[in-house]
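One structure is given here, and the rest of the page talks about it.
In the working numbering, the protein residues as written are 3 to 246.
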């Protein structure tokens, strides 16, 4: 599990680093190592917040308190648990708390930290995995059910269309893109090199397949029959996040 500490109190930040380091050592042969990054300013945590599974936070001194920073993180798309570490400020009493908020009191009690880590691990293990796609300027995080269809822009780029109507370009070959989706059995590659999420197909005719948003793709000779069988098999299986 990858954790971030964001605390502008240096002594407290160093103490949390030590506590999480010891917690990680105890978990080495059970739930696994805890990877910890530590920040003392809002600018640092805002660079790559999406890589973390949880953030421990207590910010009071740099003109941006922890509550304000938490909403900046949420606005950037970070939905992981934020553990507010209460000391001078009791964040429990804040009227504008973000969703998915947890609390610890300073000085940190080891048993309470252990309980919090257990809870964070359970949240992490229950979440749908996000796939990472990159281009020269951005990193895009999508769940498999957000991907509706994709097609190669050229030999080194793939265009991704999402279920909510957005388009992204990722710097990877079609083969690499298909490899990223390899463990998900709801994607199919057409003869035209278009990748479809079979759970988002509206209809299949002899010559074309139509997606839920109305976009249609031509099918090759005999491809419709094979695609129907694949879709039927896919729909009989539980979707990711559902229980069989």
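Yeah, the Cβ is synthetic: ideal placement off N, Cα and C, and Gly gets one too.
- Apart from the 5 residues on each side of it in sequence, residue 135 sits with its Cβ closer than 6 Å to the Cβ of 142 and 172 in its chain, given in chain order.
- At a Cβ-Cβ threshold of 8 Å, residue 197 and residue 152 count as neighbours.
- Per DSSP, reduced to three states, the secondary structure at residue 176 is helical.
- Under the 10 Å beta carbon count, residue 58 is surrounded by 16 or more other beta carbons and is classified as buried.
- Check the Cα spacing between residue 195 and each of 114, 68, 167 and 175: the tightest is with 175.
- Within 10 angstroms of the beta-carbon of residue 208 lie fewer than 16 other beta-carbons, which makes it exposed.
- For residue 239, no beta strand (DSSP E) encloses it, and the DSSP letter there is neither H nor E.
- Within the same chain, and ignoring the five residues on either side of residue 218 in sequence, the residues whose Cβ sits closer than 6 Å to its Cβ are 210 and 212.
- In the structure shown, residue 93 adopts helical secondary structure according to DSSP, grouped into three states.
- Between the alpha carbons of residue 215 and residue 69 lies a gap of roughly 38 Å.
- Judged by beta-carbon spacing, residue 7 lies within the 8 Å limit of residue 40, meaning their Cβ atoms are closer than that value.
- Burial of residue 56 is indicated by the presence of at least 16 other C-beta atoms within 10 angstroms of its C-beta.
- Relative to the Cα of residue 201, the nearest Cα in the group 109, 169, 31 and 239 belongs to 239.
- Annotated as proximal: residue 10 and residue 62, with beta-carbon spacing under 8 Å.
- Residue pairing by DSSP places residue 60 opposite 9 in a beta bridge.
- By the Cβ neighbour-count rule, residue 140 is exposed, with fewer than 16 other Cβ atoms within 10 Å of its own.
- Under the three-state reduction of DSSP, residue 196 is assigned to coil, being neither helix nor strand.
- Residue 122 and residue 79 have their C-alpha atoms spaced approximately 18 Å apart.
- For residue 233, the closest of 205, 119, 112 and 144 by C-alpha to C-alpha distance is 205.
- Under the three-state reduction of DSSP, residue 120 is assigned to helix.
- By the Cβ-count criterion, residue 32 is exposed, with fewer than 16 other Cβ atoms from all chains shown falling within 10 Å of its own Cβ.
- Beta-bridge partners of residue 86 (DSSP): 59 and 105.
- Closest in alpha carbon position to residue 165, among 144, 26 and 179, is 144.
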